[in-house]
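**Student:** Quick one: the structure is below, and I'll ask about it shortly.
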Amino acid sequence: PQSPPPQFTSGQRLAAFKSFLERRAYHHSSIAPQTHQGTELTTNPDNDLSTSVTKVFVWKEDLICPEVYHRVAVSRHERERTLARYSSSQKVYDMVLNEWDCCSAADDVWDNENGYNDNQLLSPLKETPDSPPYDGTPESPLEPSRQLTPPPTSELQLDRQTQVPLAARVHCSVVEPPSRNFNDRCDNWQEEFLDILHIFYGYTPPLPYPVDPEPISDDREAKKVLIFYGEVFQNNKVYYLHRPVLRLASRLMPHLLNPTSSTPLFLDTFHENRSPVLASWRASCLHLFRSSSSSNEVVYVFDFGTATKAPWHLGVTQATIALAICRLPQDMDEFQIAQYLLQRGIAFKTLQNIKHARLFKAQRTFIQLPKRNSKHTFGPDDYNAYVAQRHALLKHPRGRVALMAGGYPWRLALDTVSFDTVLSGPAGWSENHSTMFTAHHPQTGKVYFDDALTIEEFDLICGAYVINNPNGQPSLHSWFPLHSTWSDSNSVHNHWTPSREKGYADRMSVLASSSKGKGKPENAKYWRDNLRSLKELR
1 PQSPPPQFTS GQRLAAFKSF LERRAYHHSS IAPQTHQGTE LTTNPDNDLS TSVTKVFVWK
61 EDLICPEVYH RVAVSRHERE RTLARYSSSQ KVYDMVLNEW DCCSAADDVW DNENGYNDNQ
121 LLSPLKETPD SPPYDGTPES PLEPSRQLTP PPTSELQLDR QTQVPLAARV HCSVVEPPSR
181 NFNDRCDNWQ EEFLDILHIF YGYTPPLPYP VDPEPISDDR EAKKVLIFYG EVFQNNKVYY
241 LHRPVLRLAS RLMPHLLNPT SSTPLFLDTF HENRSPVLAS WRASCLHLFR SSSSSNEVVY
301 VFDFGTATKA PWHLGVTQAT IALAICRLPQ DMDEFQIAQY LLQRGIAFKT LQNIKHARLF
361 KAQRTFIQLP KRNSKHTFGP DDYNAYVAQR HALLKHPRGR VALMAGGYPW RLALDTVSFD
421 TVLSGPAGWS ENHSTMFTAH HPQTGKVYFD DALTIEEFDL ICGAYVINNP NGQPSLHSWF
481 PLHSTWSDSN SVHNHWTPSR EKGYADRMSV LASSSKGKGK PENAKYWRDN LRSLKELR
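Mapping the sequence shown onto full-length UniProt numbering, position 137 (from 1) lands on 137, and the numbers just tick up by one.
Here you go:
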């Protein structure tokens, strides 16, 4: 694979700012001159940015390498103050990406340019009625490292040597984030929603964002949109759907349900899109492997070549997840990408060349599911015994697989397995092939492997029992949905959504009140109905 995008040194960074300046001037030539109101928005730091989705980045000089600059995202509440700290010659707006870039070292570039004045350009912070829609075509190709906005710094700088609290590790919550008022909550939710649409669905919003005067007023339609994207339907969430980006999300649904009817304007899977995902550097690092257990199963393996930092390669078995990884910021390494996936319950594998594998000499485990008769009454003792058995299994070196499996195994393993265990790579080669996942390259013959769990081990993690029915036919009942049931639920969500988290919390509440007779293992039909969402999604 080709080399990754180079870091911005001092000279490269200044050239990048020059490119931003030229591109902004091009946009200005196709936009009406700025009004007095627009000028005030640019120069007055007291203006309210709470309704803006414009992002702000600051270029900071590296403390160790003085000539290297890093592009750092600014939190939403600091954007207004950050823009006010920089003069018009130290910041530039990108109309294509809807972003501000600020750098205190940019004066040398601006002073020698063609006299462009920031006050003569249209401010992106708020739309004006005279602004015509932009067709999305940039003047020059976008740099790979600038196609996406990096996630918050807290998501990328998890200490790999320290176990962090569960609440800080999981990027999914059904609780409203703390904010100053309702508008702030709407803006937070809108911004996160836009990231979900872009990374997981490839949505490319038009710029500037269109203003639709017709809100979604039908509660049934609002509920349908929320369920489709994995959100939780609450009465106050209906007002969130009046936000411009979320109205666009409603329009996007038919294109996702029927991709053949979509257009390049909406999805980045089209080559004609203004930022096609397959044009990213990371997409060029993709290699197709075949699973050794099933010749029909494709494994998408990322090989970053000389930029590889981990002793393993990222691998996924779903094309949609591979595309989501390609949409992440291009400067993220394997460890950061794996942390991103772990925080969101996205299934992946850490594949290692089998030639470099060490023999795994851990004691072999023998799993046998517990059995009960149909007249057995489940109580707290049964559940506590299951939790203890699950904990012991997850503490095994191969327990890390549960955290990489997604779904309920991932959620149940969060309290026991650390991220460090996953990032350290496979436990080793095993003589028992049922405890290994292997994939081979059809042309080169290379074989990669990772740890694996057996079906019985996955069932045990989810709390399965063999129930002997009166007719003599055994059936599986479980405290939580079996991994196979989850995989067959045909959910369009490859990540753990707020609606799934609410379902998990509701289930835990039921189990806590098992004295009422509701806390008992359920059969596969019950869990299939429980995981079922909209008819259109199946």
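No residue lacks a Cβ here, since even glycine has one placed at the ideal position from N, Cα and C.
Where does the unbroken beta strand (DSSP E) through L372 begin, and where does it stop?
**Tutor:** First, the residue type needs correcting, since residue 372 is Arg and not Leu in the sequence shown. Note, R372: beta strand (DSSP E), K371 to N373.
**Student:** Do D450 and L351 have their beta-carbon atoms positioned less than 7 Å apart in this structure?
**Tutor:** Yes. Within cutoff.
**Student:** What does G315 pair with, by DSSP beta-bridge criteria?
**Tutor:** Per DSSP, V301 and K349.
**Student:** Which partner residues of V387 appear in the DSSP bridge assignment?
**Tutor:** According to DSSP, V387 bridges with nothing at all.
**Student:** Using a Cβ-Cβ cut-off of 6 Å (strictly less than) and excluding sequence neighbours within five positions of C285, which residues of its own chain qualify?
**Tutor:** So the qualifying residues of the chain are P1, F302, D303 and F304.
**Student:** When you compare only the Cα positions, how much space is there between W527 and G345?
**Tutor:** C-alpha separation (whole angstroms): 19 Å.
**Student:** Does the contact criterion of 3 or more C-beta pairs under 8 Å hold for the region 321-341 versus the region 427-447?
**Tutor:** No: fewer than three Cβ pairs fall under 8 Å.
**Student:** Mind reading off the beta-carbon distance from S292 to T438? Whole number of angstroms is fine, and I expect it under 8 Å.
**Tutor:** Contact flag correct, Cβ pair sits at about 4 Å.
**Student:** Name, in chain order, the residues that DSSP records as bridge partners for F266.
**Tutor:** F266 pairs with nothing; no bridge assigned.
**Student:** Any idea if Q161 is buried or exposed, counting beta-carbon neighbours within 10 angstroms, 16 or more meaning buried?
**Tutor:** Unreliable placement is indicated for Q161, whose pLDDT of 34 sits below 50; the coordinate value is still reported in the next sentence. Exposed.
**Student:** Select from F57, N471 and G399 the residue whose C-alpha is nearest the C-alpha of Y86.
**Tutor:** Among F57, N471 and G399, the Cα nearest to that of Y86 belongs to F57.
**Student:** So is H198 buried or exposed if we call it buried at 16+ other beta carbons inside 10 Å?
**Tutor:** It counts as buried.
**Student:** Measure the beta-carbon distance from I321 to A347 and round it to whole angstroms, keeping in mind my assumption that it falls under 8 Å.
**Tutor:** Correct: roughly 7 Å between the Cβ atoms.
**Student:** According to the Cβ coordinates, are I325 and R390 closer than 7 Å?
**Tutor:** Going by C-beta atoms, I325 is not nearer than 7 Å to R390.
**Student:** State the DSSP-derived secondary structure class of W496, mapped to helix, strand or coil.
**Tutor:** Three-state DSSP puts W496 in coil, outside helix and strand.
**Student:** Taking the alpha carbon of P470 as the point to measure from, which residue in Y504, H376 and P254 has its own alpha carbon closest?
**Tutor:** It is H376 whose Cα lies nearest to the Cα of P470.
**Student:** Starting from R71, follow its DSSP beta bridges and name the residues at the other end.
**Tutor:** Answer is W59, bridged to R71.
**Student:** From the DSSP output, in three-state form, read off V417 for me.
**Tutor:** Correct three-state label for V417: coil.
**Student:** So, G202 versus D94, is the Cβ gap smaller than 7 Å?
**Tutor:** No.
**Student:** Given a cut-off of 7 Å on the beta-carbon distance, is the pair R290 and H440 in contact?
**Tutor:** Yes.
**Student:** Take Y386 and list the residues in its own chain whose beta-carbon comes closer than 7 Å to its own, dropping the five residues that flank it on each side.
**Tutor:** Contacts found: G463 and W479.
**Student:** Please classify S250: does DSSP put it in a helix, a strand, or coil?
**Tutor:** It is helical.
**Student:** Near A402, what residues of its chain come up, given a Cβ to Cβ distance below 8 Å and the 5 sequence neighbours on each side ignored?
**Tutor:** Here the set comprises L394, P409, W410, L412, A413, V417, L453, F458 and I461.
**Student:** For K349, count neighbouring Cβ atoms within 10 angstroms of its own Cβ and tell me buried if that reaches 16, exposed if not.
**Tutor:** Buried, since its Cβ has 16 or more Cβ neighbours within 10 Å.
**Student:** What number of angstroms, rounded off, separates the C-alpha of Q368 from the C-alpha of Q190?
**Tutor:** Computed Cα separation, rounded: 47 Å.
**Student:** Can you check whether the CB of R398 is closer than 7 Å to the CB of T421?
**Tutor:** It is not a contact, given that the beta carbons lie outside the stated cut-off.
**Student:** If you run the structure through DSSP and keep just helix, strand and coil, what is F193?
**Tutor:** It is helical.
**Student:** Using C-beta distances below 7 Å, list every residue in its chain close to S475, excluding the 5 sequence neighbours before and after it, in chain order.
**Tutor:** Answer for S475: I467, N469 and N523, listed in chain order.
**Student:** For the alpha helix (DSSP H) holding W486, just list the boundary residues, first then last.
**Tutor:** Element bounds for W486: H483 to S487.
**Student:** Opposite N468 in the DSSP bridges: which residues?
**Tutor:** Paired residues: N373 and P474.
**Student:** Which first and last residues belong to the beta strand (DSSP E) in which T438 is found?
**Tutor:** Element bounds for T438: M436 to H440.
**Student:** From the beta carbon of G399, is the nearest beta carbon of chain C less than 7 Å away?
**Tutor:** You won't find chain C in this structure, because it holds only one protein chain.
**Student:** Would you report the Cα separation of R500 and L328, rounded to the nearest angstrom?
**Tutor:** In a straight line, the C-alpha of R500 is about 23 Å away from that of L328.
**Student:** Please report how far the alpha carbon of H77 lies from the alpha carbon of G445, in whole angstroms.
**Tutor:** Taking the straight line joining both Cα atoms gives about 52 Å.
**Student:** Under the three-state reduction of DSSP, which class applies to H433: helix, strand or coil?
**Tutor:** Helix, per DSSP.
**Student:** Need the endpoints of the beta strand (DSSP E) that R81 sits in, please.
**Tutor:** From DSSP, R81 is part of no beta strand (DSSP E) but of the alpha helix (DSSP H) over R79 to R85.
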